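Under this note's numbering, residues 5 to 104 are what the sequence shown spells out, in order.
Worksheet: the structure to be examined is printed underneath.
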Amino acid sequence: TYEIPFILRCWDVIRKIKGCTEEIQTSFNKKRVSLGPTCCKVITGMTERCFIKFFTRNPYTIFFGLAVKFYCSIIVNGRPPLPPHRPIYSLRDEAIDLDH
């Protein structure tokens with residue numbers, strides 16, 4: 005199917021960074037995120053689709069993925085991640101974009 009090659013491409017990006025796979029697995033097993041800056045840079049550079057597909061597949065959970073995203077954002081950017089851009093809807097269901 006189409007999904008398998010996409011996930012493998014996401015995995016290949018992480019596998020190319022020496023030790024990143026092991027850091028992710030150790031963090032998951034110990035329930036404590038501890039990743040190096042290079043691994044975090046790759047993770048924060050993942051597309052949202054790739055990140056979600058990778059970090060919601062067994063054995064990982066979305067909660068672990070969110071912890072990784074938060075941790076890596078601080079490591080790479082010096083601050084927590086910004087919330088995703090979402091329009092706010094009025095009572096008439098017309099999108100109101102507060103950012104523009």
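By construction, the Cβ of each residue, glycine as well, lies at the ideal position given by its N, Cα and C atoms.
Keep in mind it's a predicted model, so treat the numbers as computed, not measured.
Rounded straight-line distance, which links the Cα of residue j to that of residue i
i, j, result
"Thr25", "Val17", "10 Å"
"Ile47", "Arg36", "16 Å"
Residue span of the alpha helix (DSSP H) that contains residue i, given as start and end
i, result
"Ile78", "Ile66 to Asn81"
"Ile56", "Glu52 to Phe59"
Sequence-distant residues of the same chain with beta carbon closer than 6 Å to residue i, five excluded per side
i, result
"Ile11", "Lys57"
Residue i, DSSP secondary structure in three states
i, result
"Arg13", "helix"
"Ser31", "helix"
"Val46", "helix"
"Pro41", "helix"
Test: residue i CB closer than 8 Å to a CB of chain D
i, result
"Thr25", "Going by chain labels, chain D is absent from the structure shown, which holds only one protein chain."
From the options, residue whose alpha carbon lies closest to that of residue i
i, options, result
"Glu27", "Thr60, Val72, Ile66 and Ile78", "Val72"
"Asn4", "Lys20, Phe74, Gly23 and Phe32", "Residue 4 is absent from the model: the chain starts at 5 and stops at 104."
"Gln29", "Tyr64, Gly82, Arg13 and Pro41", "Tyr64"
Cut-off 7 Å between Cβ atoms - residues of its own chain near residue i, not counting five sequence neighbours on either side
i, result
"Lys45", "Val80"
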